[in-house]
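Asker: Residue numbers for the sequence shown follow the UniProt record's numbering, so the first one is 1 and each next one is one higher.
No residue lacks a Cβ here, since even glycine has one placed at the ideal position from N, Cα and C.
I'd like to ask you about the structure that follows.
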Amino acid sequence: MEHASPAAIQAALAHLYTEQVDEAQPLITQHDLIQAGLLAGPTARKRREQLGERLGIGYVNGKQLPKRLQLFQIQPADFWAAVDQLTTEE
1 MEHASPAAIQ AALAHLYTEQ VDEAQPLITQ HDLIQAGLLA GPTARKRREQ LGERLGIGYV
61 NGKQLPKRLQ LFQIQPADFW AAVDQLTTEE
């Protein structure tokens, strides 16, 4: 951090997520996750791995995925954009 250029710091901060601890209504529902092929099917694990990489939230299993998306306040538009990228690459 001490020797990072201003551009590198700005790039890192542009992809920053903050944690949200409250129990608000989830932005991305279980139905959304099923529709995106992230909870069931032969490619669900691979898709979750790739999604976690794209969104910067790491790998999680199907049970923890909704909690992680909520924790990092992933917006539906960002979620669906990442899912669309996965679908395009397949």
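(1) Can you give the Cα-Cα distance for A7 and L13, rounded to whole angstroms?
(2) Tell me which residues share the same chain as A36 and place their Cβ nearer than 7 angstroms to its Cβ, disregarding the 5 neighbours each side in the sequence.
(3) Would you mind working out which of T88, E89, T29 sits nearest L69, comparing C-alpha positions?
(4) What's the gap between the Cα of G41 and the Cα of I9?
(5) Starting from the N-terminal side, write out each stretch of the alpha helix (DSSP H) that is 4 residues or longer and does not extend beyond the UniProt domain "Ribonuclease M5 C-terminal" (2-83).
(6) What's the call for P76, buried or exposed, on a 16-neighbour Cβ count within 10 Å?
(7) Tell me whether the beta-carbon of R48 lies closer than 8 angstroms to the beta-carbon of L38.
(8) What whole-angstrom Cβ distance do L86 and L51 have, given they're in contact under 8 angstroms?
Answerer: According to the structure shown:
(1) Counted from its first residue, the sequence shown places residue 7 at position 7. Counted from its first residue, the sequence shown places residue 13 at position 13. Take the alpha-carbon of A7 and the one of L13: they are about 10 angstroms apart.
(2) For this step, residue 36 is matched to residue 36 along the sequence shown. Correct list, in chain order: V83.
(3) Residue 69 sits at position 69 when you count from the first residue of the sequence shown. Minimum Cα distance to L69 is reached at T29.
(4) What you label residue 41 is simply residue 41 of the sequence shown in a count that begins at 1. What you label residue 9 is simply residue 9 of the sequence shown in a count that begins at 1. Their backbone Cα atoms lie some 39 angstroms apart in a straight line.
(5) 6-14, 30-35, 44-55, 65-71
(6) Within the sequence shown, numbered from 1, the residue matching residue 76 stands at position 76. Exposed: under 16 other Cβ atoms inside 10 Å.
(7) Position 48 of the sequence shown holds residue 48. Position 38 of the sequence shown holds residue 38. Closer than 8 angstroms, so yes.
(8) Taking the sequence shown and counting its residues from 1, one reaches residue 86 at position 86. Taking the sequence shown and counting its residues from 1, one reaches residue 51 at position 51. Sure, about 6 angstroms apart at Cβ, within 8 angstroms.
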